[in-house]
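Under my numbering, think of the first position of the sequence shown as -4, with each following residue one higher.
What follows is a short report on a single structure.
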Amino acid sequence: MLRSGKRSSGTWEGLTNQSSHLFPIRPTSLPHRKGERDRGVMIPLLLWLPALLHLQPSAAALQELNSIIGGSVTFPLNIPDGWPVKSIIWTSNGAIATVIPGALRDPPNIIASTQQYSERLSVSRDYSLTISHLRLEDAGPYRADVNTANTTGTTTTTSQFSLRFYDQLMEPLVMVNSSVSVNGTCIITLTCSVARGGDNVTFSWTPSVREKTVSPNGSVINIFHSSKDPPPNYTCTVTNPVSHSSHTVFANQIFCADTVKELNTGQTTVTVVVTVLVVVGVAVFIGIGFTVNWRQIRTRQGAEAETVEGNTLYAQVQHSHAQREPPHKETTIYSTVQPAKKVESPSLTPLTYEKIM
């Protein structure tokens, strides 16, 4: 705040002590005094500008990035198009690559500094770096030193990152335990677990009849309901920074002990009835099949009997025809008797012939 004083030759002779300390003014004309004050303000700012630009990146927070082994990750720089970038040097426990701006409308050029990252690096037009086919040894801190041109030379700004790996979550398992209280209320405890979950795994439960709720005990949730009413379905979802998976327990898998006994009794009765009906049906089917088969056999046997009788008559006729051949055999026997003529005594020959006749 200005304080009034004597005015001489069109100038102010007095200011407050604070104003005089910041902007000392000599007796002169007002236009000359204004230009000198502007120069007195701008020169210190120009001198401190490079230092301010250099200190600015140190205020930026460390960016944490998450991924999985075998996946990819992008380190964002988001440098505006046309920014006077001279080069970007990426390091992570050693040099990774150097990025140089390309020609007009061409993407930046990248030069890998080590064989470890060869053919796994790519750079977008905003100079963000992407590493693909991640390996376990890729985890750790990363740093990007961006060198830009200005009126005083080159300014370097730094961005820092931290890369961490997480496992791809498998489908969780849900265990169901139930009990019945004194007043008949069914108490069901659902316990959700996942193999190789690691750190930063959260559990949540989603009933099929209400909005999503997060269990206060994380992986365990208690359900209270009447044993006569069926409970809703419950879904357990496990989540980590890179993936999520879920498992649903259906209402027919959630029962109290008494409900299970009643259900088992009913199922036993139904099973017995169904078994009896099946046995009776099979017996009837077998009886019908046996009857039909027996009738077919009787019909086939009658036809075979008629065929056998015809063949017998024909055989008898053939047999009678075969009996006509004995006379030919007698003639043959008569011829064989001829050796009897060899008897030496002539007197005995007629007697032998008579006996044969």
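Don't be surprised by glycine CBs; every beta carbon is placed ideally from N, CA and C.
As the structure is a prediction and not an experimental result, all values here were calculated from the model.
Beta-carbon spacing of serine 119, alanine 139 below 8 angstroms
Taking the sequence shown and counting its residues from 1, one reaches residue 119 at position 124. Taking the sequence shown and counting its residues from 1, one reaches residue 139 at position 144. Using a Cβ distance threshold of 8 angstroms, serine 119 and alanine 139 do not count as a contacting pair.
Taking the alpha-carbon positions, what's the leucine 10 to threonine 147 distance?
Within the sequence shown, numbered from 1, the residue matching residue 10 stands at position 15. Within the sequence shown, numbered from 1, the residue matching residue 147 stands at position 152. Confidence at leucine 10 is low in this model, with a pLDDT of 31, below 50, so the placement of that residue is unreliable and no value is reported for it.
Is it true that the CB of leucine 168 sits closer than 8 angstroms to the CB of isoleucine 216?
Stepping through the sequence shown from its first residue, residue 216 is reached at position 221. Stepping through the sequence shown from its first residue, residue 168 is reached at position 173. Taking 8 angstroms as the Cβ cut-off, isoleucine 216 and leucine 168 do not qualify as a contacting pair.
For glutamine 58, I'd like the list of residues in its chain whose CB is within less than 6 angstroms of its CB, leaving aside the five on either flank, ordered along the chain.
For the purposes of this step, residue 58 is taken as the residue at position 63 of the sequence shown. Cβ neighbours of glutamine 58 within its own chain (closer than 6 angstroms, five residues either side excluded): Phe156.
Which residue marks the beginning of the beta strand (DSSP E) containing isoleucine 74, and which one marks its end?
For the purposes of this step, residue 74 is taken as residue 79 along the sequence shown, with counting starting at 1. For isoleucine 74, there is no enclosing beta strand (DSSP E), as DSSP marks it with neither H nor E.
Check tyrosine 112 in the structure and name its three-state DSSP category.
Working through the sequence shown from its first residue, we reach residue 112 at position 117. Helix at tyrosine 112.
Do you know offhand how far threonine 197's Cα is from asparagine 61's?
Your numbering for residue 197 matches position 202 in the sequence shown. Your numbering for residue 61 matches position 66 in the sequence shown. Their Cα atoms are separated by approximately 16 angstroms.
As assigned by DSSP and simplified to three states, the class of aspartate 101
Start at 1 with the first residue of the sequence shown, and residue 101 comes out as number 106. Looking at aspartate 101 - three-state DSSP - the assignment turns out to be coil, as it is neither helix nor strand.
With H, G and I counted as helix, E and B as strand and the rest as coil, what does DSSP make of isoleucine 106?
Within the sequence shown, the letter at position 111 stands for residue 106. In the structure shown, isoleucine 106 sits in a strand (DSSP, three-state: E or B).
Report buried or exposed for leucine 124, applying the criterion of at least 16 other Cβ atoms within 10 angstroms of its Cβ.
Taking the first residue of the sequence shown as 1, we reach residue 124 at position 129. Its Cβ being crowded by 16 or more others within 10 Å, leucine 124 is buried.
Residues of its chain near cysteine 101, where Cβ-Cβ distance is below 8 angstroms and the 5 sequence neighbours each way are ignored:
Mapped onto the sequence shown, residue 101 falls at position 106. In the sequence on display, residue 101 carries aspartate and not cysteine. Nothing listed; no residue qualifies.
If we call anything under 8 angstroms between Cβ atoms a contact, is tyrosine 137 one with phenylalanine 245?
In the sequence shown, counting from the first residue as 1, residue 137 sits at position 142. In the sequence shown, counting from the first residue as 1, residue 245 sits at position 250. Their beta carbons are not under 8 angstroms apart, which means tyrosine 137 does not touch phenylalanine 245 by this criterion.
Taking all protein chains shown into account, decide if phenylalanine 250 is buried (16 or more other Cβ within 10 angstroms of its Cβ) or exposed.
As a working mapping, residue 250 is identified with position 255 in the sequence shown. Per the 10 Å Cβ criterion, buried.
Quick check: what's the CA-CA separation for lysine 324 versus asparagine 288?
As a position in the sequence shown, residue 324 is number 329, starting the count at 1. As a position in the sequence shown, residue 288 is number 293, starting the count at 1. Confidence is the limiting factor: at lysine 324 the pLDDT is only 48, short of 50, which leaves the residue's position unreliable and the question unanswerable from this model.
Please state whether DSSP places aspartate 59 in a helix, a strand or coil.
Taking the sequence shown and counting its residues from 1, one reaches residue 59 at position 64. Reading off the sequence, residue 59 comes out as glutamate, not aspartate. Here glutamate 59 carries a strand assignment [DSSP, helix/strand/coil].
With DSSP as the reference, identify every bridge partner of isoleucine 409, one or two as the case may be.
Residue 409 lies beyond the residue range present for the chain, which begins at -4 and ends at 352; the question has no answer from this structure.
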